[in-house]
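The numbering used here applies: residue 1 is where the sequence shown begins, and numbers increase by one.
Notes to accompany the following structure.
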Amino acid sequence: MDGMTDDSVTARSEAAPQDVATSLTTGTLARRLGVSPTTLRSWDHRYGIGPAIRPDGRHRRWAPHDVAVLETMCRLTSAGVPPAEAARAARETAAGASGEDREPAGAPEPAPGAASRAAGPLPLGDVRRECRGLARAAVRLDAPAVEQQLATAVDAHGLVVAWQEVMLPTLHAVGRKWASSGDRYVEVEHLLSWHVSTTLRRFAGPAARCGGASAPGPVVLACMPGEQHTLALEALHAGLSQRGLPTRMFGSAVPAEALTAAVDRLGPAAVVLWAQARSTASLALARRVARTRWGVKGARRSPLVVPCGPGWLGRSDPGMTWPPSLKDALDTLEALYTEGR
């Protein structure tokens, strides 16, 4: 049953009594590992990662050896290893630790390219291996693994590459899966977004102070009125902080009057206006911000308005720079502080 032969079931049923006493039910083990019971059954059926104890031939009981194999399986898939490869490595690791081949007799060979249906593979496409590990951890709601994957990506590749090639593709994949599945993946999107935001703040440098009276003011970062998506703006804030540039982060859905009042008070070198959707990209407000003036007569200045996000595509004025990537935005803004040095 579940893809195992009668010989396999018999072999598994001959487990030691002490293993029965310390074994776990499928539900208990699923909660411990942060996966669904369906995922465990699927791994058993597809890859032979199944329980050694089935006292009555029907109910699974997972012995300590089985738990160790599954813990290795989860760790490897979280690191981006394909499930079939992870299953083989997990069995080999367990066999090496015990000094014997514990792979159950009659276990089916994994189908080429097969993935756990229970894990709900995300539409990632051609991406870095880290994206696949991050996506699997997010779908399992494995918060520690998500946090570790994100930190490792930033450590290994730097903030810009980690954002553009690991975080962003995974976030987009989760968003597409959510959009095509009703509300089934909303918890995955929320968990992943929370940990991405936490990681970006953790890796941001300390807040930088502005220079003297003649130095450029800070970079104001604000979402347009009605715009709730902040993660890309948080990535830009983290990148500016790492470069030691002064910022003022206002976050989501900044009312127009509050935004213009802040610009009047701060005299910023630049104002970044984020719009995820065309419906929130108000060119009238961007022009209003661009007309702001401050300073003494004869030496008045105005901010560089930098519209960011897909909502602005093809909608900004010629004098406004629309950077297509995080690196482009960082380079554009840093130039305001390095020109003339």
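C-beta atoms are modelled at their ideal positions from N, C-alpha and C, and glycine is treated no differently.
Test item: CB-CB of Ala-84 and Met-73 under 8 Å: no
Taking the alpha carbon of Asp-44 as the reference point, which residue from Arg-32, Trp-62, Thr-28, Gly-34 has its own alpha carbon closest? Trp-62
In this structure, does DSSP put Leu-159 in helix, strand or coil? Of the three classes helix, strand and coil, the one that applies to Leu-159 here is helix, per DSSP.
The beta strand (DSSP E) with Gly-251 in it runs from where to where? 247-251
Should Val-196 go down as buried or exposed, given a rule of 16 or more other Cβ atoms within 10 Å for buried? buried
Unbroken beta strand (DSSP E) run spanning Leu-304, endpoints: Start and end: 304-308.
Sequence-distant residues of its chain with Cβ nearer than 7 Å to Leu-76 (five each side left out): Ala-86, Ala-89, Ala-90
Between the segment 216-225 and the segment 268-278, are three or more C-beta pairs nearer than 8 Å? yes
Could you have a look at Leu-343 and say whether DSSP puts it in helix, strand or coil? A query on residue 343 cannot be resolved here, the shown segment of the chain reaching from 1 to 341 and no further.
Where does Ala-222 sit, in a helix, a strand or coil, going by DSSP? strand
Indicate whether Gln-149 and Glu-165 have their beta-carbon atoms separated by less than 8 Å. no
What do you reckon, are the CB atoms on Leu-192 and Leu-171 nearer than 8 Å? Inclusion of Leu-192 and Leu-171 in the CB contact set at 8 Å is warranted, their separation being smaller than that value.
Which class does Leu-273 belong to by DSSP, given the choice of helix, strand or coil? strand
Please tell me whether Ala-286 and Met-249 are closer than 8 Å, where the distance is taken between their beta carbons. no
Would you identify the three-state DSSP class for Trp-62, choosing helix, strand or coil? strand
Rounded straight-line distance, which links the Cα of Ser-23 to that of Ser-252: 49 Å
Does Arg-342 come out as helix, strand or coil in the three-state DSSP assignment? Any answer about residue 342 is impossible in this case: the structure gives the chain only from 1 up to 341.
Note down the Cα distance separating Arg-315 from Ala-238, rounded to an integer number of angstroms. 26 Å
Apply the 10 Å Cβ neighbour rule to Ala-111 and answer buried if 16 or more other Cβ atoms are within range, or exposed otherwise. Here Ala-111 scores only 39 on pLDDT, less than 50, and its place in the model should not be relied on; the value that follows carries that caveat. Flag for Ala-111 reads exposed.
Quick check on the burial criterion: 16 or more other C-beta atoms within 10 angstroms. Buried or exposed for Leu-313? Looking at its Cβ environment, which holds fewer than 16 other Cβ atoms inside 10 Å, Leu-313 is exposed.
Run through DSSP, which three-state label would Trp-322 get? coil
According to DSSP, which residues form a beta bridge with Trp-294? Arg-301
Measuring only the C-alpha atoms, how far is His-229 from Cys-223? 8 Å
Leaving out five residues on either side along the sequence, give the residues of the same chain with a beta carbon under 6 Å from the beta carbon of Leu-333. Val-219, Ala-270
Does the beta-carbon of Val-289, which I'm using as the reference point, lie nearer than 7 Å to any heavy atom of the ligand FMN? In terms of ligand content, the structure shown is empty, and the ligand FMN therefore cannot be addressed.
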